[in-house]
Amino acid sequence: ETGVTQSPTHLIKTRGQQVTLRCSSQSGHNTVSWYQQALGQGPQFIFQYYREEENGRGNFPPRFSGLQFPNYSSELNVNALELDDSALYLCASSVRPGTAQSPLHFGNGTRLTVT
Amino acid sequence: AQSVSQHNHHVILSEAASLELGCNYSYGGTVNLFWYVQYPGQHLQLLLKYFSGDPLVKGIKGFEAEFIKSKFSFNLRKPSVQWSDTAEYFCAASHGGATNKLIFGTGTLLAVQP
C-alpha cells in the first residue's frame, strides 16, 4: 500500500509570499490532517479535512487555508508568509475522522523556510 | 488548557540499558494517549496507543507504556535499548471527538551509543 506522500520536500519563500503544499493520502484513507512542527517543538494541529470540507481547526490564523479533493488528496495554503511560518509541515491521513481507533499515518513533511 | 509535557529533552544511553521516557498530560475527561517515534530521515510512526482497559500497553519493537491516571502519566519503557532505537519520541494525547486532533509533547531525542 502506498503511504502518505508530500510535495515538495523543501521550499524557500520570501516574507509576504504565498505557498501551497500538497499531500496524497494513504490508499483507503478519506481524512487528512495538517500539522506544523517548529524547530524543537512537537507538531501542532492546523486543521483537518473530511469529505472535502474543513472538519476542525487549531489555533491558526485564516491565512492558513486548505482544500481536499475528491480523490482525498489535500493542499495547505499559507498567504502573507511570516518568518515564524518557517517549520516542517506534516500531513497525516486516517481511515476516518473522530475516532482514536483510526490512527494517523504521517508523511515525511515539507520543510518550509521563510526568509 | 490541554497540554502534554515531556520532561526529558535529550537522553543518551548505552546499548542494553533500560529506558523510561516521561510523559504527563493535562486533560479533563476521557483521554486517549499515544507514543510516536521518528527515526532519522523517516516519518512519524505510531509506537503504541492507549484507549481504555489494561493500563499497561504493549507496542512494537519491545516498547511498552503504562497509563497511571492518578499521576496523569503515560511513561514509555523498554527493558534493553538497541542502537537502532536512536530516534525522537513524541508523546501525544487526544479526546477523540469530531476531529480526534492530537496534542503533542515537545519530544525526546534518544541517542543510543553502541
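These protein sequence lines map, in sequence, to chains P and L. The numbers in my numbering rise by one with no breaks, and the one at position 108 of the first sequence is 124. The numbers in my numbering rise by one with no breaks, and the one at position 49 of the second sequence is 87. We treat Cβ as the ideally placed atom computed from N, Cα and C, and that holds for glycine. Source: prediction; values computed, not measured.
Inset, instruction - Give me the Cβ distance between residue 131 of chain P and residue 28 of chain P, rounded to the nearest whole Å; I'm assuming they're in contact under 8 Å. - result: 6 Å
Legend entry - Reference residue 53 of chain P, options L:62, L:72, L:102 and L:81, closest by Cα: L:81
Inset, instruction - Starting from the Cα of residue 40 of chain L, find the closest Cα among L:116, L:57 and L:64 and give me that residue. - result: L:64
Inset, instruction - Have a look at L:50, L:94, L:76 and L:59 and flag the residue whose alpha-carbon is nearest the alpha-carbon of residue 126 of chain L. - result: L:76
Legend entry - is_contact[residue 59 of chain P, chain L] using C-beta, thresh 9 Å: yes
Legend entry - Same chain, Cβ closer than 7 Å to residue 33 of chain P, five either side skipped, listed in chain order: 97
Legend entry - Range of the contiguous beta strand (DSSP E) that encloses residue 130 of chain L: 125 to 132
Inset, instruction - Pick helix, strand or coil for residue 59 of chain L, following the three-state DSSP scheme. - result: strand
Legend entry - chain P within 9 Å of residue 95 of chain L, Cβ atoms only: no
Legend entry - Cβ pair count under 8 Å reaching 3, the stretch 142 to 150 of chain L against the stretch 91 to 105 of chain L: no
Inset, instruction - Compute the distance between the beta-carbons of residue 70 of chain L and residue 131 of chain L, then report whether it is under 9 Å. - result: yes
Inset, instruction - Can you give me, in chain order, the residues of the stretch 51 to 82 of chain P that have a beta carbon less than 9 Å from any beta carbon in chain L? - result: 51, 53, 56, 57, 58, 59, 60, 61, 63, 64, 66, 71, 72, 73 and 74
Legend entry - Where residue 41 of chain L sits in the DSSP three-state scheme: strand
Inset, instruction - Quick one: using the 10 Å Cβ neighbour count with 16 as the cut-off for buried, is residue 100 of chain P buried or exposed? - result: exposed
Legend entry - Among P:105, P:87 and P:86, the one whose alpha carbon lies nearest that of residue 93 of chain P: P:105
Legend entry - For residue 36 of chain P: DSSP bridge partner residues: P:93
Inset, instruction - Could you work out which residues of chain L lie near residue 85 of chain P, taking near to mean beta carbons separated by less than 8 Å? - result: Chain L residues near residue 85 of chain P: none, gap ~19 Å exceeds 8 Å.
Inset, instruction - Could you tell me which residues DSSP pairs with residue 130 of chain P in its beta bridges? - result: P:29
Legend entry - Closest residue to residue 36 of chain P among P:71, P:118 and P:90 (Cα-Cα distance): P:90
Legend entry - Reference residue 124 of chain P, options P:31, P:39 and P:30, closest by Cα: P:39
Legend entry - chain L contacts made by the stretch 115 to 128 of chain P, where a contact means CB separation under 9 Å: 115, 116, 117, 118, 119, 120, 121, 122, 123, 124 and 125
Inset, instruction - Could you give the DSSP three-state label for residue 147 of chain L: helix, strand or coil? - result: strand
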